[in-house]
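Chains as they are written, first to last, in this note's numbering: chain D, 1189 to 1783; chain H, 20 to 447.
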């Protein structure tokens, strides 16, 4: 190998490390002429049942309203969520009854529905984000229209989208009136109670008395200093505030600081970027420089995996919970599991297929799907009573999620079989058999994990409400995955299907898993007579169609597949064929169906 | 390295038994008698049939899930999984995209389970030899047989009921959710309460109900298995002629769908005309609704021959030899929110027959096992004034635990063997 080829993978790894490092030491938010916004992010508050930095609250609230953690202000500059929060909280002065200040001009309200836009007298624009000021004239009509259809059970698209906007406005109001989050801590009945500042403001409690409470005084002062554009005093009081408030957090202030760091780093976003590059490098490795690009892809995916792992552990530390507690964390975990399994397989087989498959899966689940799931707010909320058990969360939920993961990996390897076999020469010779072996191994794992996970769920149900198996939609979804994996294994042992058929079966397994993961949740929600479906249902259907298309492609007779051509193919790519992956030799044993 | 020499010249056919004399060959007597019995067993043991049965089970579970969009989980379970045949509505077959009338028959859970059991047992009789290599699969299959039997027994024998008690009170009965009854109680004697109950199945049939044990005749005007109460409008026809039925009207409500995020209990109501025995004189038409006990209202009363009888529509009640006294009930909330974190019931269970006196804390994921039944923290009653405990009697409750242990062990053995084989070959 030439020298350049030899050092290329390490160069790529270095670039990756630099990228990650630069994000880690991401310069914190500095806003309006010297206000220590980075410091303000660290202030602890209580919201949704957990203690968090106010920075997290700002980010998740802005995400709900706007879909992003940043916003564009009047001067077309991108600003951080914490600035938005301060602007909103200081937009209602104690004496005034109206809102004023820059918060009204921030384009944060995302309105996608055309009917709603025209109802509010707005024109569609790129980004679809509008400021309160822009539709303030139609405010009254908005509330009246919403009140009219409030009790309707089956709202149409217009009404649903209208209510989304109303929900966001209500959230905005809550923050503006300082009714959310809980920032003030009072000693009541022998223990510390946290409550929102807004609850204590008003004619009943004289301001002078309120100022006697340290946390209330701090927040009143900070908001006032911010409004008056007084960064010096703001920063000075902020420093003292940190010391006082940190002590009041029962779980200790360290987690709060760590969470702010975690938010700024955005590790899942970084990992997703690295996965995309690893995917590209892996695909390129089949065209030229195989050894070099294969290693580069592997190293980059490995780096992404390390970042991803760190991020998972960080979440576990912050929440004090096992890794999977809600739909968002399940997406993150599945992505992690996929790339983890694929890195192991890649290490064993070294033909870039696992790296490519794993990176694609990780980017899709932990990147795209997780992003969409994060739009509904805080991803680390507390849970309902039946889920308040770390043991079962760590065992059943983790196991079932790993079962999903393995079934997806097998399914995407199956897609790899069809695509690579049909369109490339990579699966010539031993290649197809190797890939089939990979798939078989992963399905074995999938069977074990999905079965054990499902059964653990049954035991949990028995311990919780006396019924091991209730045949409810979510349970049935998990059972379908077990049955499908078992069907694959038995069909293989019976010799009913060969390699190509087995690949197609695993692709169908993707559909089954997607159904179990998302479809079962949508049954009660998305299917109404009005003909429109929530976006998630549309995406699920699109996914199913793509998988069916893959299965369909698999039915093309194999004599037309590039990898199974009888005559050697004419060199199509200029430099690829001579440098094709050198696959390790395998001692082949013909497997009989049973016994 | 010769990659291809390992191909066997004549690979043995999939289902052929090993030649006699080799370890684990099927019992010679069976082999000699290659008559109808063996051929039938061979057919039943076919791996192809296994795959087909898996596919059919898959379809059944899938449609049994979709059925729960319109009907309750309980109904869907009864029709799809705990029956030999199910009529699947075409509407469900097409995933509710088209509203086509009619339905197609499909094998139900019991039929498919039975066939799978036969297939499995036949396969073991014909093909499987007892060997270390096969031990994993034997364990897995044994475990699965146990699990399917467990589900069968649960379907046949399990009884689920609930025990609702408010703080400071004692209760000595449980009520079933799904079976209901109209209870007519005579409370004239302070020491003993005499009850006669009419099961809901008779109420659903409607018409006149007469029985020597009943103090009067009961004519069912209307029975709603699930209902709502609301204020009657002027124009509406109100069947009730007396009592609370004059101020509240019961209206029918559909079954709670299995996919509803709020699994609301079904609350029944019935309009009955009470008629004097013999003279058939009407004493009034009453609305008797489970909503009344839900709201802790005193039951409707009918006077006959100077005696007062209480009318109560409730879940099928079973009186127990023990009593449960609720000392206290706690709801813990997530800090600073209205979101409940956990519920705790502090009860005292006394049994005069056995002399037992137990102080127990029942909370989520920590049930009480007593007298062959298990008591679970199910929910809150009346915003924290009381607790709802789920009481389950299921003699086969341990079967799933055994079966899961067996199957998991079997899988670890089987796939573990595969894995070590694979790794050994790679290292070689």
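Cβ coordinates follow ideal geometry from the N, Cα and C atoms, glycine included.
Chain D contact for residue i (CB, 8 Å cutoff)
i                     : result
residue 70 (chain H)  : yes
residue 100 (chain H) : yes
residue 353 (chain H) : yes
residue 312 (chain H) : no
residue 129 (chain H) : no
residue 66 (chain H)  : yes
residue 423 (chain H) : yes
residue 167 (chain H) : no
Classification of residue i by the beta-carbon crowding that lies within 10 angstroms, buried from 16 upward
i                      : result
residue 1705 (chain D) : buried
residue 1377 (chain D) : exposed
residue 40 (chain H)   : Since pLDDT at residue 40 (chain H) reaches only 47, below the 50 mark, its modelled position is unreliable, and the value read off the structure follows with that caveat. Exposed.
residue 1325 (chain D) : exposed
residue 31 (chain H)   : The pLDDT assigned to residue 31 (chain H) is 43, lower than 50, so where the model puts this residue is not dependable, and the model offers no usable value.
residue 1748 (chain D) : exposed
residue 1720 (chain D) : Model confidence at residue 1720 (chain D) stands at a pLDDT of 48, short of 50, so the residue's coordinates are unreliable and nothing is read from them.
residue 1340 (chain D) : exposed
residue 1458 (chain D) : buried
residue 1194 (chain D) : exposed
residue 352 (chain H)  : exposed
residue 439 (chain H)  : exposed
residue 225 (chain H)  : exposed
residue 1191 (chain D) : exposed
residue 111 (chain H)  : buried
residue 227 (chain H)  : exposed
CB contact check: residue i to chain A, cutoff 8 Å
i                     : result
residue 155 (chain H) : Protein chains in the displayed structure are D and H, and chain A is not among them.
Range covered by the alpha helix (DSSP H) that runs through residue i
i                      : result
residue 305 (chain H)  : Unbroken run through residue 305 (chain H) is the beta strand (DSSP E), 301-308; no alpha helix (DSSP H).
residue 1239 (chain D) : No alpha helix (DSSP H) holds residue 1239 (chain D); the beta strand (DSSP E) holding it covers 1238-1241.
residue 1553 (chain D) : Residue 1553 (chain D) -> no alpha helix (DSSP H), and no H or E assigned at all.
residue 396 (chain H)  : Note, residue 396 (chain H): premise wrong, no alpha helix (DSSP H); beta strand (DSSP E) at 392-400.
residue 149 (chain H)  : Premise fails: residue 149 (chain H) is in no alpha helix (DSSP H) and is neither H nor E.
residue 429 (chain H)  : 418-446
For residue i, the first and last residue of its enclosing beta strand (DSSP E)
i                      : result
residue 1235 (chain D) : 1232-1235
residue 380 (chain H)  : 375-382
residue 217 (chain H)  : 213-218
residue 1259 (chain D) : 1258-1260
Where residue i falls: helix, strand or coil (DSSP)
i                      : result
residue 108 (chain H)  : strand
residue 1377 (chain D) : coil
residue 1365 (chain D) : coil
residue 346 (chain H)  : strand
residue 1547 (chain D) : helix
residue 118 (chain H)  : coil
residue 1267 (chain D) : strand
residue 335 (chain H)  : strand
residue 1578 (chain D) : helix
residue 330 (chain H)  : strand
residue 90 (chain H)   : coil
residue 1738 (chain D) : helix
residue 22 (chain H)   : Because the pLDDT of residue 22 (chain H) is 36, which lies under 50, any placement of that residue in the model is unreliable, and the number read from its coordinates should be weighed accordingly. Three-state result, residue 22 (chain H): coil.
residue 129 (chain H)  : helix
residue 364 (chain H)  : strand
CB contact check: residue i to chain H, cutoff 8 Å
i                      : result
residue 1593 (chain D) : no
residue 1447 (chain D) : no
residue 1587 (chain D) : no
(Q) So, does the segment 1430-1446 of chain D touch the segment 1504-1511 of chain D, judging by three or more C-beta pairs under 8 Å? (A) yes
Q | the segment 1550-1565 of chain D / the segment 1523-1532 of chain D touching (three or more Cβ pairs under 8 Å) | A | yes
Q: Specify whether the segment 1665-1678 of chain D and the segment 1625-1644 of chain D touch according to this definition: at least 3 beta carbon pairs, one from each stretch, less than 8 Å apart.
A: yes
**Q.** At least three beta-carbon pairs within less than 8 Å, the segment 181-198 of chain H to the segment 291-305 of chain H
**A.** no
Q. On the three-pair Cβ rule with 8 Å, is the segment 189-204 of chain H touching the segment 212-220 of chain H?
A. yes
Q) Within the chosen definition, does the segment 1692-1703 of chain D reach the segment 1728-1735 of chain D through at least 3 CB pairs nearer than 8 Å? A) yes
Q. Three or more beta-carbon pairs under 8 Å between the segment 1428-1438 of chain D and the segment 1472-1490 of chain D, yes or no?
A. no
Q: Would you be able to state if there are at least three C-beta pairs under 8 Å between the segment 1559-1566 of chain D and the segment 1524-1543 of chain D?
A: no
Q | Given 8 Å, three or more beta-carbon pairs between the segment 121-132 of chain H and the segment 84-102 of chain H | A | yes
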